[in-house]
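Here is the structure we will look at, set down as structure tokens.
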Amino acid sequence: DSYEYRIMQTWISEAVTEIDDKEPKVVGMELTPMSRRYQQGDIQQLRVVAEYSDGTKQDVTARAQYDSLIENIATVTPRGKVEIVGAGQTAVMVRYMGQAKISTVISPYKDKVDLAGFKPNNFIDEQVKKRFSELGLEPSPLCSDEVFIRRAFIDTIGTLPKPEKVKEFLASKAPDKRSQLIDELLGLTGDPARDVYVEPWSAYWGMKWGDLLRNNRNKVGDGGMWAFSNWIRQSLRENKPVNEFVNEIITAQGSIYENGPANYFKIATNPEDLAEATSQIFLGVRLQCAKCHHHPFEVYSQKDYYSLAAFFTRVGNKGSVDFGALGADTIVKVKSSGSIRHPRTKKTMDPTPLMGEPIDVTSYRDFRRPLARWITSPENRLFSKNMVNRFWSYYMGTGFIEPIDDMRETNPASNPELLNALADHFVDSGYNLKELMRVIMNSRTYQLSSEPLPENVAKTRFYTHYNVKRLPAEVMLDALDDFTGAQERFSGVPQGTRAIELPDPNYNSYFLDTLGRPKRVITCECERASQPNLAQVLQVANGQLINAKLATKDGRIETLLKAAAPDHQVFTEMYLAAFSRYPTKEELANCDQIVKASKNKREGYQDVMWAISNSREFLFNH
């Protein structure tokens, strides 16, 4: 006796009349309340109003579909009655006739918390503190200077700090020494003698962008791969605004050997693949579902999908006589015509931004130019929020939105106010990536200890403590190189090239592959494996690579043996190199025991170094 049954019964009794295409369509939806703070046991009836194309509205509460994203916090009935059954933050997803919205549920863990000790450094902390208060969460204290310098180096340049730098930082009494270190790592001091990390910074973030853009010689050849990699690195050295960086990629043309970003159109070549990659990388929107049907949890339809793909219909390739046999299809060009049809309606699609209006096709030969302007426009919140969410995740271990490249109405941010504030800051700074990193790192939130309080162990989404992260494969290999003093050698690149400097994944390394180096064949961030597994544990604990580095005749151990320094100085040097801290008395005693139980000092030092390099403290950024 449901409403839906009666509708179908009436329709059938009326001889199953055809649906009139001129009938008003649902074009929007109002949901009340959009957000509310509750107490356990509270009950709330949601109200849903559909907005139609003729301007009318209708209450559709009884006909909408409801789903709770976390049912041990809130449950919802088929008619939209929400009951709060636990503590935390979740959302109720509401869908009706292709429209989707969420109602945010906040149920505090405690009614009151003492946040007097959490003194904001900037607007990030103000928004985080507000969420702590709403949820009744207490944050961990600040991390130590020892933890901070190692964390900041790894997160910002993918490299361990040298023992000399650690000693200098720990000895400094300057009250702003953390801010000074941040500016040094980002190359923002204005003093060439201090801005010495530009190359590792550009290498590390060049690796990240290379992953996202799928730079790979298997797709573009050696010449294209190097051109793209060099362009990315140079753009980062110049701190090119991200909107300009993206604009140059989307509108690139010419030789893939001479114009690096043109390789974007060799890695993906058809309009559909380009639409999907562009949307996911630069907007954080996954459109793949909409290729065949209306996205089940979002507003995007097949029409939106193919209207976006239409922007790329005039991109083509041609050969170049300048490069002989290597010149086939190496010039990205703009064709004079090109179109794409909707697979169901067969209608030729006009290039149209997501949820926007069609462009005037008579005004442009290259449709990508208005697309690039729209994507990087200050008014396009998808772009700024996507970039902020990605880089916040890289630093904080989890994004406001997870997965970080799946931004949609029904996948709400854990702190939407902070996400919006950071997006505003990013736009106001001129899309300055270093300024974004600077404001994140200077926040008290970033500088919190990774040691959770008993009550906030599982509260990783709310940044009550720093989220511990396993070192990325390339960073871990470089860290082992630095710690052992045994530099890894890769064929085809100069000796001394670090793993984070490799331009693509086609440099043979079983260690890097086992530790999760991405193949760069898909645009998803998930391609880089970050979760530990047994193969990784065995590779670090007993792999050929680590054993060879410990036994090398020109590494750190040989240098320490030749110096004939007292054992406690040797152990101190190891701890500073690996952990950016001095060892405790107990740790010195343990190291001393290991050496005394060995055949000789060389083997003893190797055993100590093996134990350090296999510790959680070494393998993770905390």
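Residue numbers (the working numbering): 927 to 1548. Positions of the beta carbon are idealized from the N, C-alpha and C atoms, including for glycine. As the structure is a computational prediction, the values presented were derived from the model and not from experiment.
E1499 versus T1082 - alpha carbon distance: 23 Å
May I ask you to list the residues that DSSP assigns as paired with Q970? V1008
Runs of alpha helix (DSSP H) lying entirely within the stretch 1367-1443, each at least 4 residues, in chain order: 1399-1410, 1436-1440
Just curious, the beta strand (DSSP E) that S994 is in, first and last residue? 991-994
Please classify V1447 as buried or exposed, where buried requires at least 16 neighbouring CB atoms within 10 angstroms. exposed
Nearest to F1544 by CA position, among L1344, M1402, I1301, Y978, is which residue? M1402
Same chain, Cβ closer than 7 Å to I1483, five either side skipped, listed in chain order: R1528, Y1531, Q1532, M1535
Express the C-alpha separation of F1437 and R1424 in angstroms, rounding to a whole number. 14 Å
Terminal residues of the alpha helix (DSSP H) in which M1133 lies: 1124-1139
Every unbroken alpha helix (DSSP H) within the stretch 1465-1503, with a cutoff of 4 residues, ordered by chain: 1470-1477, 1482-1489
Please classify R1076: does DSSP put it in a helix, a strand, or coil? helix
Do the CB positions of S994 and A1017 come within less than 9 Å of each other? yes
Would you verify that the beta carbon of N1516 is, or is not, closer than 9 Å to some beta carbon of chain B? Structure shown: chain B not included; a single protein chain is present.
Quick one: grab the DSSP three-state call for D985. strand
In whole angstroms, what separates the C-alpha of Q1228 from that of I996? 29 Å
Rounded to whole angstroms, what's the CA-CA distance from E1090 to E1451? Just pull it up for me. 35 Å
Identity of the residue in T958, K983, N1169 nearest P950 by Cα: K983
Rounded to the nearest angstrom, what separates Y1433 and N1243 at their Cα positions? 28 Å
Closer than 8 Å is the cut-off here; do at least three beta carbon pairs connect the stretch 1142-1161 with the stretch 1459-1473? no
Should K1218 be labelled buried (16 or more other beta-carbon atoms within 10 Å of its own) or exposed? Note on residue identity: the sequence assigns Cys, not Lys, to residue 1218. By the 10 Å Cβ count, C1218 comes out exposed.
Check whether the Cβ atoms of I1032 and Y964 lie closer than 9 Å to each other. yes
As assigned by DSSP and simplified to three states, the class of V1225: coil
Simplified DSSP assignment, three categories, for A1017: strand
Should M1322 and V1211 be called a contact, given that it needs their Cβ atoms to be closer than 9 Å? no
Measuring alpha carbon to alpha carbon, tell me which of K1145, D1439, A1490, T1030 ends up nearest T1195. K1145
Taking buried to mean at least 16 other C-beta atoms within 10 Å of its own C-beta, is G1418 buried or exposed? exposed
Is there contact here, the stretch 1309-1322 with the stretch 1364-1373, by at least three beta-carbon pairs under 8 Å? yes
Who pairs with R1267 in a beta bridge, going by DSSP? T1274
Can you tell which of P1431, A976, I1520, K1045 has its C-alpha closest to the C-alpha of M1133? P1431
Can H1548 and Y1392 be called in contact, C-beta distance under 9 Å? Yes, the pair counts as a contact, with Cβ atoms nearer than the cut-off.
What span of residues does the alpha helix (DSSP H) with E1170 cover, start to end? 1168-1176
Give every residue of the same chain whose Cβ lies closer than 7 Å to the Cβ of T1115, excluding the five residues on either side of it in the sequence, and list them in chain order. D1109, D1121
Which of the three DSSP states, helix, strand or coil, is assigned to Q1457? coil
Whole angstroms are fine: how far does the CA of I1182 sit from the CA of Y1232? Each residue's alpha carbon lies about 27 Å from the other.
Go ahead and label V1383 buried or exposed: buried means 16 or more other beta carbons lie within 10 angstroms of its beta carbon, across all protein chains shown. exposed
Tell me where the alpha helix (DSSP H) around N1312 begins and ends. Segment 1307-1322, the alpha helix (DSSP H) holding N1312.
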